[in-house]
Ligand SMILES: Nc1ncnc2c1ncn2[C@@H]1O[C@H](COP(=O)(O)OP(=O)(O)O)[C@@H](O)[C@H]1O
Ligand SMILES: Nc1ncnc2c1ncn2[C@@H]1O[C@H](COP(=O)(O)OP(=O)(O)O)[C@@H](O)[C@H]1O
Ligand SMILES: [Mg+2]
Ligand SMILES: [Mg+2]
């Protein structure tokens, strides 16, 4: 329960936005992170993400995600920072390893961008119902329903498969496979054979989902079949403008 | 209603026929339970009724299946869906939405039900299954029994005359399983929906179903009214199906020459039986 | 063998197990019953260290689960999950059993001997592809691969749901056989008749709390207790309770027939 992409219900300002606008906003946040050169701007964006998550009532999930991302990015940062050789040397270690100012700057920006760009997409997906998403993709953007449904189904299945993988690991640990080993390479070697049961269960589940969609008239669906309508309101327009402003601010941020 | 005659089917690449020369009629208003050991062909039989066979699974197909006069070979599953509603095994991973309301809308939208009637169909479906209070709930937070009820409502909303279910209580505890069968009984008695249900829990079938079919190795070896089928308890056991223990008790008492009445299918009837013996 | 002391477990702010204490003796066959979501699977996972208690302590075979690795505990415990497909990862029955053995013993010749012995004992064909077998056969294969390692403790999470009657009996007979040889068994189940026929002790779990722990024949007769955990007594027991006077002790069909005869003779 509460997997990181599951829909989290609510009635906040963000929840009520048009799904297209939600996706647009999160995409623009990503874009602004990548076009900016300013670490301060990135920090501001990450902070903005956290505030948005708090206003949508998913702060704990956002913080948990942030924690994981920071761990991952610290790892990347450490790898990256030793590989960049130009710029002024800040300090050096034995074996001809040294750290430069450019290296620090570049690695830091990469880490910030990664965090800033991953958070909004994940947060938006967890406050948007997959049905609404596929409905607007079909209704507003004119995507064929089959593609929209496949896309949203793929997203919906991510938590299912994560849970299945966790279950498989658990079953293997219980029979004595030593996943709790400290040696990471051994661990990867042990995980590899588990792709077999995962693949088989996945194929079976997807086949089942396809049959039941067929039985519920999936093939009859037309473009205007959607029951709910998704009007653009003043707030939506406001957010679109805000998203553009954000991207512009990213491009021309002075620091 | 459903008329199956001389049906045989072999899956593409299958070694043996999954269904062998099946003849079966399900009348309007019936409540039929299907039981049999695993691999007996129960799921295959349901797939032959809703048109998944031969339209989705291909293979050697002989005989005919008619649902309300429509031949399943000439009509696609989606054309039959308004007549037969199917609730499949492993219903959990087949839900398409995160919220109950959307799950039910999915089918209604697919069949382009007119907008002004959608709301009524939605509330009716929730009311019939008794889960009106769950409408806004997130499906992930529901219990297994409630999820199964959502799956049933989503099908009921399409207003089928026939409801077919594949092991609907497989993962549920005894109390939730009973609730599902009580719901099926209500749909059957108050709303006139014909029910065909595959189930391993023989006690539930004996208590709630009116007719019983026993399958073994692709054949229907016994079919008829529940009490008539239970008289052949030896044949059932040979097919790997157990009888409820009150039925075994009645058999034993009959062998001892102590009892000669109707076979009890539930506890109150069994109590009556024992009291009648004691006079 | 297993000892829970004031064990609580919670995850993401929800309490799943509340202050549970119990002791299971070596060699007993205990059933754990309760409604869906009562916390049975969680409790079973706590037993072999897949989950660690939030507070309190769990010890299994003398090891505190919070202090040793799960893979160490797995050397003497077997865990059968409800879904066999999560365990099977090899292409033949023989490899699957060998793989289980390799996780717990080192000696190659010993592995070979035990593997062949297991194949015979469970009448399995070593060359078959597990994924072409039926659900019940796969469940039996997984059980066989677990039992091949001769565990002292066997944890079973709903081992018979989804199986037909014949497969169910097959599984239960295997379990009962190893229990007679001295293994401790803890089985999560919904099927009151299986519980009645095989378990000697029963624990009733409701909403994460242990409602009762006692002898099977006392617990399954306690209708109010079972009702609190959304369960029903097995058919013959319920019939016996309803009949009252002289029938209370009937548990099996045979008992019932005997009681009826006794009553008739008494009346004459
Ligand atoms: N997709 C398939 N392809 C080939 N054989 C199949 C397929 N599905 C089922 N079978 C075979 O058909 C037989 C009947 O299966 P099924 O109808 O699923 O049985 P039940 O539902 O009674 O357990 C089994 O022997 C099974 O192996
Ligand atoms: N990882 C988890 N996160 C949150 N809740 C959980 C988790 N695992 C189980 N639960 C909840 O704990 C309760 C007990 O679950 P479980 O032990 O699987 O019950 P049982 O096996 O008795 O059906 C359920 O209400 C379930 O929703
Ligand atoms: Mg089946
Ligand atoms: Mg469980």
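Residue numbers (the numbering used here), protein chains in the order written: chain A, 1 to 255; chain B, 1001 to 1279; chain C, 2001 to 2268. Where is the CB? At the ideal position from N, CA and C, for every residue including glycine. Everything numeric in this text was worked out from a predicted model, so none of it was measured.
Sequence-distant partners of residue 1223 of chain B (beyond 5 residues in either direction) whose C-beta falls short of 6 Å from its own C-beta, in its chain, are 1213. Taking residue 1201 of chain B as reference, the option from C/2212, C/2168, C/2226, C/2152 with the minimal CA-CA separation is C/2168.
Within the region 1124-1170 of chain B, the alpha helix (DSSP H) runs of at least 4 residues that lie entirely inside it are, in chain order, 1144-1156. Checking the 8 Å criterion, the Cβ of residue 2050 of chain C is out of range of every heavy atom belonging to ligand 2. Proximity of the beta carbon of residue 1043 of chain B to ligand 3 is indicated: a heavy atom of the ligand is located closer than 8 Å. Between the region 2051-2065 of chain C and the region 2002-2013 of chain C, the count of C-beta pairs closer than 8 Å reaches three or more; the two stretches touch. Using a CB distance cut-off of 9 Å, residue 208 of chain A does not count as an interface residue toward chain C. Between the C-alpha atoms of residue 2073 of chain C and residue 2105 of chain C there is a straight-line separation of about 13 Å. Note that the region 2176-2191 of chain C touches the region 2144-2156 of chain C; at least 3 beta-carbon pairs, one per stretch, sit closer than 8 Å. Not one heavy atom of ligand 1 lies closer than 8 Å to the C-beta of residue 1170 of chain B. Within the region 2081-2108 of chain C, the residues whose Cβ lies closer than 7 Å to some Cβ of chain A are 2081, 2085, 2086, 2087, 2088, 2089, 2100, 2103, 2104, listed in chain order. Not one heavy atom of ligand 2 sits closer than 8 Å to the Cβ of residue 2083 of chain C.
For residue 208 of chain A, the shortest C-beta to heavy atom distance toward ligand 1 is 8 Å or greater. Non-local beta-carbon contacts of residue 2170 of chain C in its own chain, meaning distances under 8 Å to residues more than five positions away in sequence, involve 2136, 2140 in chain order. By the CB criterion at 9 Å, residue 2187 of chain C and residue 2232 of chain C fall outside the cutoff. If the five residues before and after residue 1240 of chain B are omitted, its C-beta is found closer than 6 Å to the C-beta atoms of 1037, all from its own chain and listed in chain order.
Contacts with chain B (Cβ-Cβ distance below 7 Å) from the region 161-182 of chain A involve no residue at all. Taking a C-beta cut-off of 9 Å against chain A, none of the residues of the region 2165-2180 of chain C qualify. Inside the region 2060-2131 of chain C, DSSP marks whole alpha helix (DSSP H) runs of 4 or more residues at positions 2070-2073, 2093-2104, 2108-2121, from first to last along the chain. Comparing alpha-carbon positions, the option among C/2190, C/2223, C/2245 lying closest to residue 2034 of chain C turns out to be C/2190. Distances from the CA of residue 2146 of chain C to each of C/2097, C/2069, C/2236, C/2127 were compared; the closest alpha carbon is that of C/2097. Put simply, of A/244, A/228, A/8 the residue whose alpha carbon is nearest the alpha carbon of residue 1119 of chain B is A/228.
Residue 55 of chain A has its Cβ no nearer than 8 Å to any heavy atom of ligand 4.
Distances taken from the Cβ of residue 1147 of chain B to the heavy atoms of ligand 4 include none shorter than 8 Å.
For residue 1061 of chain B, the shortest C-beta to heavy atom distance toward ligand 1 is 8 Å or greater. For residue 1276 of chain B, there is no enclosing beta strand (DSSP E); the residue is found in the alpha helix (DSSP H) stretching over 1267-1278. By the Cβ neighbour-count rule, residue 1191 of chain B is exposed, with fewer than 16 other Cβ atoms within 10 Å of its own. Distance check between residue 1004 of chain B and each of B/1261, B/1122, B/1066 places B/1066 closest, using alpha-carbon atoms only. Residue 112 of chain A places its beta carbon less than 9 Å from that of residue 39 of chain A. Annotated as distal: residue 2044 of chain C and residue 2198 of chain C, with beta-carbon spacing of 9 Å or more. Burial is judged here by how many other beta carbons sit within 10 angstroms of a residue's own beta carbon; residue 1127 of chain B has fewer than 16 and is exposed. Distance check between residue 80 of chain A and each of A/108, A/153, A/92 places A/108 closest, using alpha-carbon atoms only. Of A/175, A/214, A/133, the smallest CA-CA separation from residue 2084 of chain C is found for A/175.
Within the region 28-56 of chain A, no residue has a Cβ lying closer than 8 Å to any Cβ of chain B. The region 2221-2240 of chain C makes contact with the region 1169-1186 of chain B: 3 or more CB pairs, one atom from each, lie closer than 8 Å. In this structure, ligand 2 has a non-hydrogen atom nearer than 8 Å to the beta-carbon of residue 2188 of chain C.
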